[in-house]
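Residue numbers (this note's numbering): 60 to 383. The structure appears right after this line, and notes come after that.
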Amino acid sequence: MTTEYTTADLRAAVADAVRAPSLHNTQPWRFRVVDGGIEVSVDPLRGLPATDPTGWGARMAAGAALFNLRLALAVAGTPATVRLRPYPSDPDVVARLVPDVPRRPTPTEQSLYGAISRRFSNRAPFWPDPVPAEARWRLGEAARAEQCWLELVIGTSAVNAVAEVARSAHRVLERDPAYVAERTEWIRSEPAADGVPAVAGGPQSEPQDLLPQRGFGGRNRAPGRDFEPEPLVAVLGSAGNTSADQILAGQALQRVLLTATDAGLSASMLSQPIEVPAAREALRMSLGRFGTPQMVMRIGYGQPGRATPRRSVEEVLDLPVVPA
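As structure tokens, this is what we get:
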């Protein structure tokens with residue numbers, strides 16, 4: 060029986076963990092082995108002061124990376140017991156994982172793990188094909204498995220209400236010069252290990268679009284190439300909005316995204332309604348839900364998304380210093 064994780068275990072699992080999504084692809088995470096357990100931390104040096112002043116986005120990203128890490132360890136036959144925010148005096152540490160009883164991975168774990176390398180944010184228009192009921196059910200179950208909820212917004216009036224909240228939040232954010240400048244800093248026109256390549260930014264948003272797209276320097280659309288008029292909009296939420304709730308929501312987000320990928324679906328995320336507190340509350344009220352919305356997603360069928368770059372495993376590890 061495995062009694063502790065090693066640096067070799069960590070390196071192997073982190074290669075999958077870093078495929079998680081993050082705001083502007085900042086990749087705000089660190090990993091280390093301490094006393095036979097793996098610790099996942101938020102990297103305070105990769106924060107977004109204008110876009111994410113509370114650290115919500117960084118904790119969501121770390122939670123998503125944590126979910127990938129859990130999957131990688133489980134598929135390797137060394138599943139983990141996870142404790143969230145294990146050290147009150149060190150809030151940057153979001154989780155500590157220690158070995159659980161070794162076992163074979165479940166078919167669900169194997170399927171989700173296989174989707175990690177195929178999951179990309181798809182910022183292009185989707186095809187009009189509807190998402191079937193069975194896939195919708197699987198997405199909801201994925202959120203519930205991680206102690207969160209997923210509201211699929213059904214009906215023209217309901218989608219329009221969510222879209223108006225998103226557009227309003229987008230307008231508020233775009234009026235902030237610091238926010239715009241920070242986003243511009245993370246657009247990459249040359250090869251880089253982080254940030255959003257302009258070629259992966261999707262087409263530029265236009266006034267008639269139902270849902271706002273964050274401008275990452277993408278190309279202008281050809282005439283008549285509007286986004287889908289009736290997208291499947293999903294809102295992921297948690298019971299509360301503590302740091303632990305946000306980490307749980309990050310894990311649920313990644314499980315939902317991997318479930319979508321496994322079902323042959325594409326997805327992109329719209330965090331603008333979450334980044335503006337008044338918009339987040341308006342979104343919650345429009346859904347009639349208790350708890351806290353943590354992410355808005357657009358889900359459908361489309362061309363494969365473009366992979367965004369990732370830093371190397373060595374860049375995100377904190378390894379012990381070996382005495383000379």
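Idealized CB from N, CA, C, for every residue including glycine. Quantities reported herein were computed from a predicted structural model and do not represent experimental measurements.
Close Cβ partners of residue i (< 8 Å) along its chain, the five nearest in sequence each way excluded
i    : result
L251 : Just to set this straight, residue 251 is Ala in the shown sequence, not Leu. Correct list, in chain order: P368.
R78  : N127, I175, S176, R178 and R369
V190 : L291, L324, I358, G359 and Y360
Counted within 10 angstroms of its Cβ, other Cβ atoms place residue i as buried (16 or more) or exposed
i    : result
R178 : buried
T230 : According to the sequence displayed, residue 230 carries Arg and not Thr. Classification for R230: exposed.
V335 : buried
E249 : exposed
G96  : buried
A391 : For the chain, the structure presents residues 60 to 383; residue 391 sits outside this window and is missing.
W88  : buried
Q206 : exposed
N181 : buried
A345 : For the record, residue 345 in the displayed sequence is Ser; it is not Ala. Classification for S345: buried.
R284 : Its pLDDT being 49, under 50, R284 is placed unreliably by the model, and the measurement read from it follows with that caveat. With fewer than 16 Cβ atoms within 10 Å of its Cβ, R284 is classed as exposed.
V294 : buried
V141 : buried
Y64  : buried
L378 : exposed
Three-state secondary structure assigned by DSSP to residue i
i    : result
R284 : Note that R284 scores 49 on pLDDT, short of 50, meaning its location in the model is unreliable; the coordinates nonetheless yield the value given after this. Coil, per DSSP.
R91  : strand
I213 : coil
Q305 : helix
S176 : helix
V322 : In the sequence on display, residue 322 carries Ala and not Val. Coil at A322, not helix or strand.
G347 : coil
G296 : strand
G170 : Here the sequence assigns Ser to residue 170, which means Gly is not the residue at that position. Residue state, collapsed to three classes: helix.
P108 : coil
Q353 : strand
R78  : coil
E63  : coil
Neighbourhood of residue i by C-beta distance below 6 Å, restricted to the same chain and skipping five residues each side
i    : result
G254 : N84, W245 and R247
P164 : A133 and V134
L269 : A222
T320 : A174, R177 and R178
V93  : none
R343 : P352
Chain C within 8 Å of residue i, Cβ atoms only
i    : result
M119 : In the structure shown, chain C cannot be found, because there is only a single protein chain.
Whole-number beta carbon distance between residue j and residue i, since they are thought to touch under 8 Å
i    : j    : result
A204 : R314 : 6 Å
S323 : R118 : Correcting the residue type first, residue 323 is Gly in the shown sequence and not Ser. The Cβ separation is near 30 Å, so there is no contact.
G299 : Q353 : In fact, because the Cβ distance is near 10 Å, the residues do not count as touching under 8 Å.
I175 : L107 : Contact flag wrong, Cβ pair sits at about 24 Å.
L82  : D111 : 6 Å
7 Å Cβ shell around residue i - same chain, five flanking residues per side excluded
i    : result
F185 : E287, P290, S325, G359, Y360 and G361
R17  : Within the shown structure, residues of the chain are numbered from 60 to 383, placing residue 17 beyond reach of any answer.
V99  : W88, F90, A121, A124, L125, L128, V153 and A154
Please give me, in chain order, every unbroken run of the beta strand (DSSP E) with length at least 3 that falls completely inside the segment 188-264. 208-212
Where are the beta strand (DSSP E) runs, 3 residues long or more, that stay fully inside the segment 113-153, in chain order? If one requires a minimum length of 3 residues, the beta strand (DSSP E) runs lying completely within the segment 113-153 are 139-143, in chain order.
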